[in-house]
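Here is the structure we will look at, set down as structure tokens.
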Amino acid sequence: MKKIYRKYIDEAIKNNYESKTCQDLIFKDVIFDSCFRFMFILLFLIYSFLNQEILVKITNISADTILNHEVLINSAAFYFTWIIILLIILFIANILATILLKCLKKINLKKIYRYYKIYDLLKFICSIWVIINFIIVYVITPVTIDGISMEDSYYNNDKVLLWHFGYKADSNDVVVIDASNYGDSSSFYIKRIVAIPGDEIDYSENALFVNDKLVCQKLTISEWNIIINSVGFSNCEQIIIPENKYLLLGDNRNHSSDSRYFGLVDKKDIIGKIILRYYPFNRFPFNRFGIPKSLIKQ
0 MKKIYRKYID EAIKNNYESK TCQDLIFKDV IFDSCFRFMF ILLFLIYSFL NQEILVKITN
60 ISADTILNHE VLINSAAFYF TWIIILLIIL FIANILATIL LKCLKKINLK KIYRYYKIYD
120 LLKFICSIWV IINFIIVYVI TPVTIDGISM EDSYYNNDKV LLWHFGYKAD SNDVVVIDAS
180 NYGDSSSFYI KRIVAIPGDE IDYSENALFV NDKLVCQKLT ISEWNIIINS VGFSNCEQII
240 IPENKYLLLG DNRNHSSDSR YFGLVDKKDI IGKIILRYYP FNRFPFNRFG IPKSLIKQ
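Structure, rendered in structure tokens:
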């Protein structure tokens with residue numbers, strides 16, 4: 000409710016003035032809120048239905064970081080369900096409040112406004128909670144890294160933020176991929192994109208080159224064959240990365256399960272890009288004044 004309307008109602012209560020206008024202001028605010036929540040629920044359901052596959056993956060990724068999903072939410076489907084149930088409950092509460100306001104012929108303005116303030120506070124708390132969950136599931140997701148394949152860029156148990164809303168894969172991005180199509184049905188991998196569609200990759204003297212730049216030493220012939228066989232090539236030492244295919248490697252080349260073991264990765268399996276490490280604090284990319292550590296003289 001607008002501040003000017005609240006001031007008007009406060010003045011009416013202070014002067015013991017029962018105003019039909021005050022009742023209408025409360026009524027209209029509840030009606031507007033009901034309509035807003037109805038539209039939000041509708042859009043939420045439509046978007047979730049159209050993107051249910053990726054959203055289930057995102058929820059599974061974030062669950063271990065935010066909650067113990069084995070105990071508290073059990074599955075991604077249930078996670079979405081209880082968010083939607085809360086929105087529906089709030090919507091129904093709004094409708095009931097609207098009916099009550101209309102059915103009562105004589106309303107004690109002071110009492111109804113007291114209840115409205117409680118309702119408004121609960122609405123605000125629930126709205127913030129829903130917005131935070133919406134951002135986590137649909138835009139930026141906290142992720143905990145498990146393993147050493149990205150050292151010295153990222154370490155085991157580092158907590159990072161994964162950006163996936165409208166993400167388009169690009170060279171040198173550190174990304175999270177769904178490993179279910181690459182031999183690990185229960186995991187997600189974090190790797191670096193070293194080659195994108197249109198890049199030329201070469202195998203020469205037991206090393207891998209991308210656009211004539213060395214990216215991996217000590218690449219065996221069997222690993223090279225896995226890479227080229229994944230896109231239908233064989234017995235060649237040079238190929239162009241096909242459309243919607245990406246070459247991914249771990250920064251810790253000696254301890255990484257990547258494209259050398261499961262071939263090129265399809266675009267649809269790249270979930271999003273790591274944009275920030277926020278824990279542990281000693282590896283946070285900014286100092287306490289907000290200045291990037293890369294700009295500070297060591």
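All the letters of the sequence shown, read from the start, carry residue numbers 0 to 297 under numbering that gives the first Met the number 0.
All C-beta atoms, glycine included, are put in the ideal place defined by N, C-alpha and C.
Supposed close pair residue i, residue j - CB separation, criterion 8 Å
i	j	result
Ile-225	Asp-198	The pair is not a contact, with the Cβ atoms about 18 Å apart (cut-off 8 Å).
Val-129	Ile-57	About 16 Å; that fails the 8 Å criterion.
Closest Cα partner of residue i within the set the options
i	options	result
Leu-41	Asn-281, Ile-84, Leu-24 and Val-174	Ile-84
Val-142	Asp-257, Lys-116 and Ile-189	Ile-189
Cys-235	Ser-258, Asp-201, Leu-121 and Ser-229	Asp-201
Asn-210	Ser-170, Ser-229 and Val-264	Ser-170
Ala-178	Ile-91, Ala-92 and Leu-263	Leu-263
Cys-28	Gly-249, Arg-282, Ile-87 and Tyr-118	Position check: residue 28 holds Asp in this sequence, whereas Cys was assumed. Comparing Cα positions, the closest option is Tyr-118.
Ser-255	Asp-151, Arg-276 and Gly-231	Asp-151
Arg-276	Glu-222, Ile-139 and Cys-34	Ile-139
Lys-266	Ile-220, Gln-216 and Ala-194	Ala-194
Phe-187	Met-38, Asp-145 and Ile-91	Asp-145
Leu-24	Tyr-115, Ile-45 and Phe-43	Tyr-115
Ile-134	Met-38, Phe-43, Ser-221 and Leu-120	Phe-43
CB of residue i within 8 Å of CB of residue j, strictly
i	j	result
Asn-155	Asp-268	no
Leu-247	Arg-282	no
Leu-218	Asn-205	yes
Ala-168	Tyr-260	no
Leu-95	Cys-125	no
Residues of its chain near residue i, where Cβ-Cβ distance is below 8 Å and the 5 sequence neighbours each way are ignored
i	result
Tyr-278	Asp-157 and Lys-158
Ile-147	Tyr-154, Asn-155, Asn-251 and His-254
Asn-243	Pro-196, Asp-265, Lys-266 and Lys-267
Residues near residue i in its chain [Cβ-Cβ closer than 7 Å; skip 5 each side]
i	result
Gly-271	Leu-161, Trp-162, His-163, Tyr-166, Val-174 and Val-175
Ile-227	Ser-233, Cys-235 and Ile-238
Ser-258	Ile-226, Leu-246, Leu-247, Leu-248 and Val-264
Glu-69	Reliability of the predicted coordinates at Glu-69 is poor, the pLDDT of 38 falling under 50, and the value obtained from them is presented with this limitation in mind. No residues qualify anywhere along the chain.
Gly-182	Phe-261
Ser-300	Outside the displayed span of the chain (0 to 297) sits residue 300, for which this structure offers no information.
Residue-chain proximity (residue i, chain C), Cβ-Cβ < 8 Å
i	result
Asn-180	Absent from the structure is chain C; it holds one protein chain and no more.
Same chain, Cβ closer than 6 Å to residue i, five either side skipped, listed in chain order
i	result
Phe-280	none
Asp-172	Ile-192 and Lys-272
Gly-231	none
Ile-98	none
Trp-223	Tyr-202
Met-149	Ile-189, Gly-249 and Asp-250
Leu-207	Val-214, Cys-215 and Leu-218
Ile-274	Leu-160 and Trp-162
* Identify every run of the beta strand (DSSP E) within the stretch 217-291, keeping only runs that are complete inside it and at least 3 residues long; order them along the chain. => 237-239, 244-248 and 269-278
* Kindly provide the ranges of any beta strand (DSSP E) runs that are 3 or more residues long and lie completely inside the stretch 129-192, ordered along the chain. => 139-143, 158-162 and 173-177
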